[in-house]
Amino acid sequence: MRSEKAMVTSPATIANFGPGFDSFGLCLDSPVDRISVRRAAKGRVVLRVTGKYEVPSVPEENTASYAAMRLVELCDDGGLGFTMTVRKGMKPGSGIGSSAASSVGGALAMAALLGVKDKGMILEAAAMGEELISGVRHYDNVAAALHGGFTAVVDAEARKIIKIKPPELQVVVLMPDISVKTRDARAILPKKVAIDDAVRNLSLASGMVHAMMRRDVRAIGSYLEDRLSVPYRKKLVPGFDAVRESGLEAGALGVSLAGSGPAIFALAERDAGRIKLAMTRALSSATGLESKSFVTKPGGGARVESIS
Ligand code: HSE
2 MRSEKAMVTS
12 PATIANFGPG
22 FDSFGLCLDS
32 PVDRISVRRA
42 AKGRVVLRVT
52 GKYEVPSVPE
62 ENTASYAAMR
72 LVELCDDGGL
82 GFTMTVRKGM
92 KPGSGIGSSA
102 ASSVGGALAM
112 AALLGVKDKG
122 MILEAAAMGE
132 ELISGVRHYD
142 NVAAALHGGF
152 TAVVDAEARK
162 IIKIKPPELQ
172 VVVLMPDISV
182 KTRDARAILP
192 KKVAIDDAVR
202 NLSLASGMVH
212 AMMRRDVRAI
222 GSYLEDRLSV
232 PYRKKLVPGF
242 DAVRESGLEA
252 GALGVSLAGS
262 GPAIFALAER
272 DAGRIKLAMT
282 RALSSATGLE
292 SKSFVTKPGG
302 GARVESIS
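Residue numbering for the sequence shown follows the working numbering, starting at 2 and increasing by one per position.
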């Protein structure tokens, strides 16, 4: 029997996750976007956006409906009409994969409606949503949001993703009250990097994958460094060094930039509340900026909550 409507949840993610620029991602347990889709008259696409965050309400400009339309095309089901409701659970432009959460949610909801099981196809449609926002079809956020856990995009063209179940850990996320566009944060990166920076990242990334496989929380924290993007991007995030230092002093195992920022995240085994407070205070005293923060843990990825 054909399905008429579906509802999914799709989570925030931390892309790059230290040394894995455009490759690593960690799926978070919360916050999530809630996206529902229902069949409508052929050729008709209607989008409703709810929640307190502002995102485009034009179907061709919103990553959820855009990714759903791209999935319809990939399935050669041209002309399928639908009504989509997006309840945004996270702030766009904050660095925690807001556009990816919507892209994956939109593509997964449509896949549920069409009976599509091929995760590679869902991932591709979701990555097109990322391209809409950043100009580049990067897969790190969408892979983590779709598959859950820790993911590494090992071959973007072949859509080859490895997934590792992370150990239990606390993730503290601090979101300074500024917005950074991924497109701008990519534009400031150098086109070429020094060989010793490349080697350092390669070493850290190898260590990170091994630490994830061994489920060694302390080692994971120790590899949370980067020479390819953070040194350039931290200029867009006032107070980054002060926040990082205060997080480490308060007991964090590692602190880095989430995706293209401005969110800064810390990993911990315990004391997440204390670390969050220390980071919030450090940001405020170094810059006068306000912020929002939360504590979460690794999550299992986007889910179809209902289908009928
Ligand atoms: N890997 C992407 C970047 C993630 O750092 O530009 C954006 O959220």
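Every residue, glycine too, gets a C-beta built ideally from N, C-alpha and C.
These numbers come from a predicted model, not from an experiment.
Report task. Kindly list the residues whose CB is nearer than 7 Å to the CB of proline 32, restricted to its own chain and excluding five residues on each side of it in sequence; keep chain order. Result -> Ala13, Gly90, Met91
Requested in this report: Pick helix, strand or coil for glycine 274, following the three-state DSSP scheme.
Outcome: helix
Query - heavy atom of the ligand HSE below 7 Å from alanine 68 C-beta - result: no
Query raised in the report: When every heavy atom of the ligand HSE is checked, does at least one fall within less than 7 Å of the C-beta of asparagine 17?
Result: yes
Query - Terminal residues of the beta strand (DSSP E) in which arginine 234 lies - result: From DSSP, arginine 234 is part of no beta strand (DSSP E) but of the alpha helix (DSSP H) over 231–234.
Query raised in the report: Taking just the CA atoms, how far does methionine 214 sit from leucine 27?
Result: 14 Å
Query raised in the report: Helix, strand or coil: which one does DSSP assign to leucine 268?
Result: strand
**Report entry** Length-filtered (3 minimum) beta strand (DSSP E) runs lying within the segment 18–52
**Finding:** 25–41, 46–51
Query - Of the residues Ala220, Ala243, Leu278, Leu290, the one placed nearest glycine 19, counting alpha carbons only - result: Ala220
Requested in this report: Determine the closest residue to cysteine 76 out of Tyr54, Ile123, Arg282, with distance taken between C-alpha atoms.
Outcome: Ile123
Query - Own chain, CB closer than 6 Å to glycine 208, minus 5 neighbours either side, in chain order - result: Tyr224
Query raised in the report: Between the segment 169–183 and the segment 42–51, are three or more C-beta pairs nearer than 8 Å?
Result: no
**Report entry** Extent of the continuous beta strand (DSSP E) to which alanine 1 belongs
**Finding:** For the chain, the structure presents residues 2 to 309; residue 1 sits outside this window and is missing.
Query - Straight-line Cα distance separating histidine 139 from alanine 157 - result: 8 Å
**Report entry** Any 3 or more C-beta pairs closer than 8 Å across the segment 186–204 and the segment 291–301
**Finding:** no
Requested in this report: State the DSSP-derived secondary structure class of leucine 284, mapped to helix, strand or coil.
Outcome: helix
**Report entry** Inter-residue spacing [alpha-carbon to alpha-carbon] between valine 218 and proline 168
**Finding:** 7 Å
Report task. Using only the heavy atoms of the ligand HSE, determine whether one of them is closer than 7 Å to the beta carbon of serine 11. Result -> no
Report task. Kindly give me the distance between the Cβ atoms of serine 23 and aspartate 141, rounded to whole angstroms, as I take these residues to be in contact under 8 Å. Result -> Rather than serine, the amino acid found at residue 23 in this sequence is aspartate. Contact holds; Cβ gap of about 6 Å.
Query raised in the report: My guess is that leucine 72 and alanine 128 are in contact by the Cβ rule of under 8 Å, so how many angstroms apart are they, rounded?
Result: No, leucine 72 and alanine 128 are not in contact; Cβ-Cβ is about 11 Å, not under 8 Å.
**Report entry** Where methionine 85 falls: helix, strand or coil (DSSP)
**Finding:** strand
Requested in this report: Work out the CA separation of phenylalanine 83 and serine 309 for me, nearest whole Å.
Outcome: 15 Å
Query raised in the report: Looking at glycine 302 and alanine 146, is the spacing between their C-beta atoms short of 8 Å?
Result: yes
Report task. State yes or no: is the C-beta of asparagine 142 nearer than 7 Å to some heavy atom of the ligand HSE? Result -> yes
**Report entry** Short Cβ contact (8 Å threshold) for arginine 234 with alanine 283
**Finding:** no
Query raised in the report: Are the beta-carbon atoms of valine 276 and alanine 269 separated by less than 8 Å?
Result: A small correction: the amino acid at residue 276 is isoleucine; valine does not occupy that position in the sequence shown. In this structure, alanine 269 lies closer than 8 Å to isoleucine 276 by Cβ.
Query raised in the report: Among residues of its own chain, excluding the 5 on either side of proline 93, which ones have a beta-carbon nearer than 8 Å to its beta-carbon?
Result: Tyr54, Glu55, Val56, Ser99, Ser100, Ser180
Report task. Check methionine 214 in the structure and name its three-state DSSP category. Result -> helix
Query raised in the report: Between the Cα of leucine 327 and the Cα atoms of Ser261, Met111, Ala267, which residue gives the shortest distance?
Result: The structure shown does not extend to residue 327, since the chain is modelled only from 2 to 309, so the question has no answer here.
**Report entry** lysine 120, DSSP secondary structure in three states
**Finding:** helix
Query - Close-in-space but distant-in-sequence residues of the same chain around alanine 126 (CB under 7 Å, 5 per side omitted) - result: Ala68, Arg71, Leu72, Leu75, Ala108
Query raised in the report: In terms of residue numbering, what span does the alpha helix (DSSP H) encompassing alanine 153 cover?
Result: Where alanine 153 is concerned, there is no enclosing alpha helix (DSSP H), although the beta strand (DSSP E) it sits in stretches over 151–156.
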